[in-house]
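Numbering (my numbering), first residue to last: 6 to 642.
Each residue gets a CB set at the ideal place from its N, CA and C atoms; glycine is no exception.
The structure displayed is predicted, hence computed values, not measured ones.
A quick write-up on the structure given underneath.
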């Protein structure tokens, strides 16, 4: 492309770039440019105004919307309010009450802090700001400004009396009227409203003590009452179905705390639209967090499915930078690798501890607290111990089952009716694979005891609650898979030296982290060395992966280290091979199993991690309770 310089005009092709002098932007233009970063759509305005209200210790927030927020956005709060003398200053750029000195940026504890939201919003709409810092309604004051007034000179608007309850009201009308081209990029009224509803949903999850009221076109659409138990707020936002299919966790390590709800792998969605993650009360979408969650659910989800989560992560504000994105939707962690590892391992251990006894009616008391000791409890082989809360099935501290449908009670009844003796009972128990001498006081396992096999595919079992159906191939596949992984973890991956070492050219950034990731690679049987300032040599690889694309694997591992500070690629490839081996080695359909074999399968399932899903994410078993069976046959009606 040819450049021709003529005077103060530079012509590039057919486009002329005027001027080569630097000048200060007009105040109105600067605010509108800032608004382009902060105010993407009406939902962005609602987010900024609600965050300011929450920072003011509001306990009740009312949001009124007209025409999807384009015509009107009104946010009322009952917070501390804005002093009369500060109302005009509140509309100035970079004016805030939340930070005072540079050191404050290292310990930000508020949702807002830049002091540019109101100025940016006011530059593209007609804005009215009313507030009162006292309990007397007559002490309220207001200020009004339109985008056209945001010129290079100081605003000439005045503060006028306006009766107002304690707190603040911000009214935004005719959004984008000063920048009509921006309106063309907005979606339909319903779409814009749904974006606003999503913002309200996120904030109400992180502030369960606050009441939120959302009105659209004069109709109340959402109402969340303050002071609710966090589980009640979760149910109101996600629905009771999520709470019934989720497990509550709380784990703490060093200065980090992770708590919240994990949806069971069987309660998944086709899109990642119900994954809420909060850092110090701030809703974020972060690729490091997303990667950690995805790794925690690895091997558990069906193809293309996404988990449903609501997690709250607390960390020392000095270890997280929230000032890295215009809308504060992303953060940067000082110790990103530790954060990633902590989140991944916590999720992995919690899901691994969900045995069949935990998966049946997964949440009975709105939330089930897994203590830090239970989550981190490990055996010498590296597998977590089964979690069996005392009395979880209603049997008291001893964990004994007392259901009226208990199998042992029925067996004793049959013995009375048909006159069988104890010796015959023992022989029958042995034939069915049951423990000899089972009686009413014996504990019935969560998956009960097998009673039949259906079409050589499904195992039918009876437990204290009803009927259990097991896909024997899927269940055996998971059992073999977990046994293989445990064996590999205990013995390590066997390494195979390459007859001809592989040379790989890599970037400067990747060369810089070779030394850091070399020990982790060596633990998985991959031996690498620097060959030059632009290449490395691979001398050995794991035997299981010898037939794979070694160069691509090493490149992916180095890329992960650059992005997340760690990598699970090698383990992932190993697990894919073990999964395939387990699939081919598990029992196939139409194979007849004896009752002892079926019961042995059930007992293994109760002790195996992730036994609720096969290696491909399919469910391995389900339960039909007695009430559900009764409803099928209209019993009691």
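Assumed close pair residue i, residue j - CB separation to whole angstroms, cut-off 8 Å
i           : j           : result
residue 558 : residue 589 : Not really, about 23 Å apart at Cβ, beyond 8 Å.
residue 214 : residue 64  : 7 Å
residue 44  : residue 219 : No, residue 44 and residue 219 are not in contact; Cβ-Cβ is about 19 Å, not under 8 Å.
residue 180 : residue 147 : The Cβ separation is near 19 Å, so there is no contact.
residue 353 : residue 301 : 5 Å
residue 175 : residue 54  : 5 Å
residue 484 : residue 594 : About 17 Å separates the two Cβ atoms, so there is no contact after all.
residue 5   : residue 548 : Past the edges of the chain, shown from 6 to 642, lies residue 5, and the structure says nothing about it.
residue 274 : residue 310 : 7 Å
Among the options, the one whose alpha carbon lies nearest that of residue i
i           : options               : result
residue 216 : 227, 222 and 223      : 227
residue 539 : 525, 546, 515 and 495 : 515
residue 167 : 334, 183 and 134      : 134
residue 351 : 183, 318 and 453      : 318
residue 221 : 210, 78, 354 and 115  : 78
residue 502 : 177, 555 and 456      : 555
residue 280 : 314, 117 and 80       : 314
residue 194 : 257, 121 and 70       : 70
residue 204 : 283, 235, 464 and 330 : 283
residue 342 : 535, 119, 522 and 256 : 522
residue 62  : 563, 114 and 623      : 114
residue 4   : 198, 106 and 59       : Residue 4 is absent from the model: the chain starts at 6 and stops at 642.
residue 477 : 632, 602, 570 and 91  : 602
residue 118 : 331, 496 and 497      : 331
residue 224 : 72, 312, 103 and 177  : 72
residue 289 : 235, 207 and 349      : 207
residue 299 : 356, 245, 320 and 244 : 356
residue 162 : 640, 243 and 94       : 94
residue 164 : 358, 278, 66 and 90   : 90
residue 524 : 496, 563 and 553      : 563
Exposure of residue i, with buried meaning 16 or more beta-carbon neighbours within 10 Å
i           : result
residue 271 : buried
residue 57  : buried
residue 265 : buried
residue 308 : exposed
residue 74  : buried
residue 607 : buried
residue 550 : buried
residue 374 : With a pLDDT of only 38 at residue 374, under 50, the local geometry of the prediction cannot be trusted, and no value is derived from it.
residue 338 : buried
residue 81  : buried
residue 101 : buried
residue 329 : exposed
residue 92  : buried
residue 492 : exposed
residue 615 : buried
residue 613 : buried
residue 617 : buried
residue 450 : buried
Own chain partners of residue i with C-beta closer than 6 Å, once the 5 adjacent residues on each side are dropped
i           : result
residue 2   : Because the chain here runs from 6 to 642, residue 2 falls outside it and cannot be looked at.
residue 642 : none
residue 542 : 506, 508, 534 and 536
residue 187 : 181
Close beta carbons around residue i, own chain, < 8 Å, minus the five adjacent residues each side
i           : result
residue 170 : 83, 137, 142 and 145
residue 287 : 116, 211, 327, 333 and 336
residue 140 : 171
residue 529 : 498, 547, 575, 576 and 579
residue 623 : 307, 476 and 479
residue 324 : 260, 338, 339 and 340
7 Å CB neighbourhood of residue i in its chain, flanking five on each side removed
i           : result
residue 127 : 96, 150, 152 and 155
residue 486 : 583, 584, 587 and 620
residue 580 : 304 and 490
residue 268 : 247, 250, 251, 312, 313 and 314
residue 592 : 477, 478 and 481
residue 110 : 104 and 328
residue 573 : 300
C-beta atoms of residue i and residue j nearer than 7 Å
i           : j           : result
residue 229 : residue 241 : yes
residue 531 : residue 507 : no
residue 629 : residue 453 : no
residue 604 : residue 455 : yes
residue 322 : residue 625 : no
residue 248 : residue 239 : yes
residue 347 : residue 258 : yes
residue 98  : residue 122 : no
residue 566 : residue 518 : yes
residue 569 : residue 293 : yes
residue 51  : residue 201 : yes
residue 465 : residue 627 : no
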